[in-house]
Each structure stands twice: as structure tokens, then as C-alpha cells.
Amino acid sequence: MSPRDRLLALVVVVCWGVNFPMTALALDHFPPIFLVALRFALLAVPTLLFVPRPAIPWSRLLMVGLGLGILQFGFLYLGMAAGMPSGLASLVLQASAPATVVIAAIWLRERITRRQAIGIGVAVLALAVIAAHRSQVAALLPVVLTLCAAVGWGLGNVAVRRAAAPDPLRLTLWMSVVPPVPMLALSLVVEGPERIGDSLAGAFTVAALPSVIGLLYVVLVATVLGYGLWTRLLAAYPSSTVAPFSMLVPVVGVAASWVAFDEVPDLVEVCAGVVVVAGVLFASRPPLGGRAASAAAGSGAVTSGSEHHVSPRRDATLGT
Numbered sequence: 050m051s052p053r054d055r056l057l058a059l060v061v062v063v064c065w066g067v068n069f070p071m072t073a074l075a076l077d078h079f080p081p082i083f084l085v086a087l088r089f090a091l092l093a094v095p096t097l098l099f100v101p102r103p104a105i106p107w108s109r110l111l112m113v114g115l116g117l118g119i120l121q122f123g124f125l126y127l128g129m130a131a132g133m134p135s136g137l138a139s140l141v142l143q144a145s146a147p148a149t150v151v152i153a154a155i156w157l158r159e160r161i162t163r164r165q166a167i168g169i170g171v172a173v174l175a176l177a178v179i180a181a182h183r184s185q186v187a188a189l190l191p192v193v194l195t196l197c198a199a200v201g202w203g204l205g206n207v208a209v210r211r212a213a214a215p216d217p218l219r220l221t222l223w224m225s226v227v228p229p230v231p232m233l234a235l236s237l238v239v240e241g242p243e244r245i246g247d248s249l250a251g252a253f254t255v256a257a258l259p260s261v262i263g264l265l266y267v268v269l270v271a272t273v274l275g276y277g278l279w280t281r282l283l284a285a286y287p288s289s290t291v292a293p294f295s296m297l298v299p300v301v302g303v304a305a306s307w308v309a310f311d312e313v314p315d316l317v318e319v320c321a322g323v324v325v326v327a328g329v330l331f332a333s334r335p336p337l338g339g340r341a342a343s344a345a346a347g348s349g350a351v352t353s354g355s356e357h358h359v360s361p362r363r364d365a366t367l368g369t
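All the letters of the sequence shown, read from the start, carry residue numbers 50 to 369 under the working numbering.
Written out as C-alpha cells, the structure is:
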């Protein structure tokens, strides 16, 4: 990978890591379920007007939107609104990688290798440590909701691989068409029209400016810019070269939350989070023979679109 593209990969890491405290800012003003609807509506409108629909069946597009949009962000925003620290959320969401492997084994009948089983086992044990520790020092519900978000992310990742869209960025944009209507309906029932109306009416006040900036960051920087650069890198290099950069996202997420909200990392949670990342990285790294084959396949020509739906760790970046 060229120095310029390494820099672009690090730009993506920063975009996605800072996304967590920016989401927390948005949640200070907007109700969590409504925020999901609003986030995707801001993407869906220009997508419907200007972006051609990917050449995949509607059923597969709906499944991608269910996993990566409704389940992932619905549970994540509920968890953060319930008290999940944004930095810790960036660590716990790494559970999406082992969830992807397990769901793919069940749904797509993919074989789990010994390396993947070991990495998944290590990551799950570390997540159990985080959950047990949180249950002693704070409410457990936010962790459970964030883990549900990770499972939804894993489901969406497998749906993306099954969809096998030739243009991943177009699929990501069109996935945004799925969540707005059902999440708005759910928000009206759960959060109520009065709360939604108040958040919209107050969005144009000075007090709500940080939350509006957070929302725009999530849509424009984390999604459009971040994923746009990521798909460019995936088109130019093997996924085994690009994917490890995503392991730096929780590092930036924890650091950004520390700076923004003075969220001092808990030593137990940070250590367990490092073990989660290590387990994910171990499970996602190909064996030496596979790495050599991947490097040979990635040298020279740009890889085909269908090859972009093989690596679980690479897929796990889709919903950031």
C-alpha cells in the first residue's frame, strides 16, 4: 500500500472513531429511535433522486437495511441513550466480527476454521468480562443493547455478502432507504409525536447546534466520506491489506470520547477491549498460504466486486 493510501486509511479510521462521540452529541437532543430514522432519511432522499439502484433483488436490499440500518443503529443508539459510554461502545461493537462468522456459518453454511474459532472464543470471553464488570459498577442494559447492535451488524454483513452487489458504495447508499419509514413509525409509538416535534422545533436553536453538527458528521463524514474512501481502498488492494486498519477505530473512539467527554477509560474494560480486538484480528488474519494467495490476487489489477464480499472483517466495516 502506498504512503498516500495508508494516510487515506488512517483518515477513515479517524472519521469512524470520532463518529462515536459525535453520535453521543446528536443523542443529547434527538430521541434515539427518531435519530435512526432522521440519519437515514438524510441519506435516502438524495439517494432516491440521484443514485441508480444496485442490481440486486429487493428482498436482499431489505435484509441489508434490516441488519445494518434498523437493528445495528436502533440498538446502538438505544444503548448509548441508556448510558453506554461512546468509547466503550466502539470497543463492544467489535463483537460484530465474530457475530458475522457465526451467522455466516448458520446462514451460508460457511465453515468456521480453527483460527476463527479460537479468535471468536477469546473475543467472547473478553466481552463476558466487560459485561460482568459493567454489571458490578453500572447498569448492564446498555452493554446488552450494544451487543445486540453488534449482532445486527453481523447479520447485515452476511446479508451484504449474500447480496453480492457489484458496487458496495451504491449498496450502502440504497440501504439507507430501508430504515426511515419503519423507524419513524416505531418512534411515533415509543417516543411519541410530541417528543419528536420538540426535537425538530428545537433543532434550529443555538443550544441544539452541537447535536445538529453531530448528526451532520454522522451522515456526511462517517458515512459518505469514510465509506467512500474505504471502498476505494478495497478496490485497489486485497482485503487482508486494508481490513487491519479497522482495528484502530476503537482506539480513536476511546481517545476521542476521552477528549470530548472526559470519559476516563476503565482499566478492566480497556484491557478486555484490547483482548476483543486481538481476538478479532487473530480470527480475521488468513493463514500464511491464504495471505500469499491474497497478495498475489491483489497485485496488479483491481479486484472484482464479487471479491469484496468474502472477508468477514472487511464486511464488518460496512455499518460504521
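Think of the CB as a built atom: it goes at the ideal place given N, C-alpha and C, for glycine as much as any other residue.
Report the three-state DSSP secondary structure of residue i (helix, strand or coil).
i, result
"Leu-388", "No answer is possible for residue 388: the residues shown for the chain start at 50 and end at 369."
"Gly-241", "coil"
"Ser-348", "Since pLDDT at Ser-348 reaches only 40, below the 50 mark, its modelled position is unreliable, and no value is offered."
"Gly-132", "coil"
"Ala-187", "coil"
"Ile-299", "The displayed chain sequence assigns Pro, not Ile, to residue 299. Here Pro-299 sits in helix by DSSP."
"Pro-259", "helix"
"Met-232", "helix"
"Tyr-276", "helix"
"Leu-157", "coil"
"Val-100", "coil"
"Thr-195", "helix"
"His-456", "Because the chain spans 50 through 369 in this model, residue 456 falls outside it and cannot be assessed."
"Asp-247", "helix"
"Arg-340", "Unreliable positioning characterises Arg-340 in this predicted model, as indicated by a pLDDT of 47, which lies under 50. The coordinate reading is nonetheless provided below. Helix, per DSSP."
"Ile-119", "helix"
"Tyr-126", "helix"
"Val-313", "coil"
"Pro-95", "helix"
"Asp-54", "helix"
"Ser-225", "coil"
"Ile-152", "helix"
"Pro-287", "coil"
"Pro-70", "helix"
"Ala-213", "coil"
"Pro-147", "helix"
"Pro-106", "coil"
Would you say residue i lies against chain C (beta-carbon separation less than 8 Å)?
i, result
"Val-313", "No chain C appears in this structure, which consists of one protein chain only."
Would you mind sorting residue i into buried or exposed? The rule is 16 or more other CB atoms within 10 Å of its CB.
i, result
"Ala-341", "Because Ala-341 sits at a pLDDT of 46, beneath the cut-off of 50, its placement in the model cannot be relied upon, and the point is left open."
"Cys-64", "buried"
"Gly-132", "exposed"
"Gly-277", "exposed"
"Val-313", "exposed"
"Phe-89", "buried"
"Val-26", "Here the chain has residues from 50 to 369 only, and residue 26 is not among them."
"Leu-283", "buried"
"Val-308", "exposed"
"Gly-263", "buried"
"Ala-118", "What sits at residue 118 in the sequence shown is Gly, not Ala. When all chains shown are included, Gly-118 counts as buried."
"Trp-156", "exposed"
"Ala-234", "exposed"
"Phe-253", "exposed"
"Gly-420", "Beyond the ends of the chain as shown, which are 50 and 369, falls residue 420; an answer cannot be given."
"Ala-246", "According to the sequence displayed, residue 246 carries Gly and not Ala. Label assigned to Gly-246: exposed."
"Gly-368", "Confidence in Gly-368 is poor, its pLDDT being 48 and thus under 50, which makes the residue's placement unreliable; the coordinate value appears in the next sentence. It counts as buried."
"Leu-56", "exposed"
Cβ of residue i within 7 Å of any heavy atom in the ligand GTP?
i, result
"Val-62", "As for the ligand GTP, it is missing from this structure, which has no ligand bound."
Handout entry: Segment contact flag, the segment 123-139 with the segment 240-254, C-beta cutoff 8 Å, min 3 pairs
Key = no
Problem - the segment 87-107 touching the segment 182-200, judged by at least three CB pairs closer than 8 Å - result: no
Practice task
For the segment 298-310 and the segment 56-76, state whether three or more C-beta atom pairs, one from each stretch, are separated by less than 8 Å.
Solution key: Inter-segment contact for the segment 298-310 and the segment 56-76 is present: three or more beta-carbon pairs are separated by less than 8 Å.
Practice task
Report yes or no: do the segment 172-183 and the segment 95-104 share at least 3 C-beta pairs separated by less than 8 Å?
Solution key: no
Exercise for the section: Pair every Cβ in the segment 78-86 with every Cβ in the segment 208-223, then say whether three or more of these pairs are closer than 8 Å. Expected result: no
Exercise for the section: May I ask you to verify whether the segment 154-172 touches the segment 185-194, counting CB pairs closer than 8 Å and requiring at least 3? Expected result: The count of Cβ pairs closer than 8 Å, one atom from the segment 154-172 and one from the segment 185-194, stays below three, leaving the stretches out of contact.
Problem - Sufficient close CB pairs (3 or more, under 8 Å) joining the segment 320-334 to the segment 138-157 - result: Counting C-beta pairs closer than 8 Å gives three or more between the segment 320-334 and the segment 138-157, which meets the contact rule.
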